[in-house]
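Below is one structure; the comments refer to it alone.
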Amino acid sequence: MNGKYITKLGFTNKSIGLALAAAQLREAAGLERSAILDELSKVKADPAGFQSGVYADLVRELLTQQAHTDLHAADALRSAALPYAQFGAALIDQGARDQMNVAMRLPITRAGALMPDAHVGYGLPIGGVLAAENAVIPYGVGVDIGCSMRLSVFAVPADTLKTAEALALLQKHTRFGAGVSFERRERIGHDVLDEAVWDDQPILRRLHDKAADQIGSSGSGNHFAEFGSFTLGQSELGLDAGTYLALLTHSGSRGFGAQVAGHFTKLAESLHPTLHPSAKKLAWLSLDSEEGQAYWQAMNLAGRYALANHEQIHARIAKALGQTPALSAHNSHNLAWKEQVGGSELIVHRKGATPAAAGQLGLIPGSMADPGYLVRGKGHAPSLASASHGAGRQLGRKAAQNTLSKSEVSAYLKDKGVTLLGGGIDEAPQAYKRIQDVIAAQSELVDVLGEFRPKVVRMDSGSEDI
DNA sequence: ATGTCC
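Mapping of the first sequence onto my numbering: residues 864 to 1329, in sequence order.
This is how it looks when you write it as structure tokens:
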């Protein structure tokens, strides 16, 4: 017996030596070469059937090779991207399309869409919608799990609140910045913090106290809390047409959600070592796996926690105003849902995309100095019942800092009559696409019910105020 | 987006 016969049977790498060693033992036991080769080909065809005896080591290696091949095959990208709809394609940069094209080649992907505010992000682009079969992609949801919007409209004229008072209210009742929380004696509890779910996973147990500390806070980056005037075009939702005082907020799941996202992204990447590098940040977790179920539970908890943050922000301010909202609306724009798509249940990821099922209310903000909109979804199938989550960046943070000056941002704010507390140059209105164009590009997706015009805005100071 | 690392 020699290696030539073995390789002819199709054994590779380590299995050649192991097959040869086994063959020599069989030879010593008196078998003919042809009988041995016959046995070896049977072992190769069905290794699981020969797990004990002289072929045990060979079988173990063959099964390891098979597992690796299976993993590779399961992770292989399609040769071509599935088609997907783009809304406002002229507003979308090529980088976002390139990222979407990778996402549409994942073996788990079934459908997708790009919203008009789309721009490059980690993994799935911001403004990307992706429907997957029985799997969830942590970076298809994003770092700020459950990032969301909330609007409170008060049944008083917009000029009821003077700028100085608005500034004082925002200063007193909101907290901005990475790592920040309300002072201990100012903290308020919430049902979400008492859920039994926190005890189900070590990572949740570990993060519970941080979540309790940071509840009701707003964070950093593009998050904001702003007073403004809200104009309802026609009588809707129990409110007469008119212009009112309103509060609009953008916040998320803070450090808690960020750590959940980081943990499960790393886990997903480690479970897909052979995924093509271009899709590394799109590593997924099967919902049939313990890891996938754990992420699903943690993600939904972070989603509820983010909404609780908004509830507290609005409750504090409404109380200070002595008002009860006459109309309120909220939505999550970084989350995944189990939804019916074309007759089957899929996992619909919206990463910077507003759910827009028929009749569903949504909030699409512009920039710190541009209007935001209360919209009603139309359940448009090619968009996977989605809309944009804002205007979308046209300049990255660095590009904004390098190309925009404080004076031109100040001039823009002055022109729009906006007073700003905090806010960095990277959040300048000029860094965003024109919200009017973005709204116009999604007339098939949503109807506009009302327009919010910011007047007094608070954001994180970041490194540099405007 | 997050308080700074895999």
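Note that beta-carbon positions come from the ideal geometry of N, C-alpha and C, so glycine has one too.
DSSP places VAL1272 inside the alpha helix (DSSP H), whose first and last residues are 1269–1279.
ARG1013 is positioned such that its CB atom lies no closer than 9 angstroms to that of LEU1164. For THR1106, the beta-bridge partners assigned by DSSP are THR1094.
Per the C-alpha coordinates, the member of ASP956, GLN929 and PHE1087 positioned closest to CYS1010 is PHE1087. Three or more pairs of CB atoms, one per stretch, sit closer than 8 angstroms, so the segment 1117–1130 contacts the segment 1073–1087. By the criterion of at least three beta-carbon pairs nearer than 8 angstroms, the segment 1210–1223 is in contact with the segment 1180–1200. Under DSSP, ASP1310 takes part in a beta bridge, and its partners are ARG1239.
Nearest to GLY1003 by C-alpha distance, out of VAL1019, SER1015 and VAL983, is VAL983. Straight across, the Cα-Cα distance linking PRO946 with LEU883 is about 49 angstroms. In this structure, TYR1236 places its C-beta atom within 9 angstroms of the C-beta atom of ILE1302. By the C-beta density criterion, THR1137 is exposed, having fewer than 16 other C-beta atoms within 10 angstroms. When DSSP states are grouped into helix, strand and coil, ALA976 belongs to the strand group. The Cβ-Cβ distance between ILE989 and ALA976 does not fall below 9 angstroms.
Burial state of ASN1265 is exposed, judged by a 10 Å Cβ sphere holding fewer than 16 other Cβ atoms. As summarised for the segment 923–975, the continuous alpha helix (DSSP H) elements at least 4 residues long and confined to that stretch are 957–966, given in chain order. Within the DSSP secondary-structure output, TRP1147 pairs in no beta bridge. The beta carbon of PHE1045 is closer than 7 angstroms to those of ARG1038, GLY1079 and SER1080 in its chain, skipping five residues each way along the sequence. Secondary structure of THR1023 (DSSP, three-state): helix. The count of Cβ pairs closer than 8 angstroms, one atom from the segment 1246–1257 and one from the segment 1128–1137, stays below three, leaving the stretches out of contact.
Membership of TRP1159 in the alpha helix (DSSP H) is indicated by the continuous run 1153–1184.
Here TRP1159 is not near LEU969, since their CB atoms are 9 angstroms or more apart. Distance between GLU1314 and PRO1234, taken at the CA atoms: about 6 angstroms. The DSSP-derived three-state label of LYS1035 is helix.
Within the same chain, PHE1090 and GLY1091 come within 6 angstroms of LYS1318 by CB-CB distance, once the 5 residues on both sides are set aside. Short of 8 angstroms from the beta carbon of GLU1154, and not among the five residues preceding or following it, lie these beta carbons of its own chain, in chain order: PHE1127, LEU1130, ALA1131, LEU1134 and LEU1148. For a cut-off of 8 angstroms, the C-beta gap from LEU1247 to ALA937 is around 24 angstroms, too long to register as a contact.
Judged by their CB atoms, HIS1036 and ILE1180 are nearer to each other than the 9 angstroms cut-off.
According to DSSP, MET1012 shares a beta bridge with HIS1113 and ASN1194. Here GLY1229 has GLY1235, ALA1254 and ILE1298 as same chain residues with Cβ atoms under 6 angstroms from its own Cβ, once five neighbours each way along the sequence are excluded. ALA1075 has its alpha-carbon roughly 12 angstroms from the corresponding atom of GLN1175. Here ARG1068 has TRP1061 and ASP1062 as same chain residues with Cβ atoms under 8 angstroms from its own Cβ, once five neighbours each way along the sequence are excluded. Taking the C-beta atoms as reference points, PRO1188 is found no nearer than 9 angstroms to ALA948. DSSP, reduced to helix, strand and coil, places GLN1203 within a strand of the structure shown.
Spanning the alpha carbons of PHE1017 and SER1141 requires a straight line of approximately 48 angstroms. For VAL906, the enclosing alpha helix (DSSP H) starts and ends at 896–908. Ranked by how close their Cα comes to the Cα of GLY1240, the residues ALA1220, GLY1259 and LEU1226 have ALA1220 in first place.
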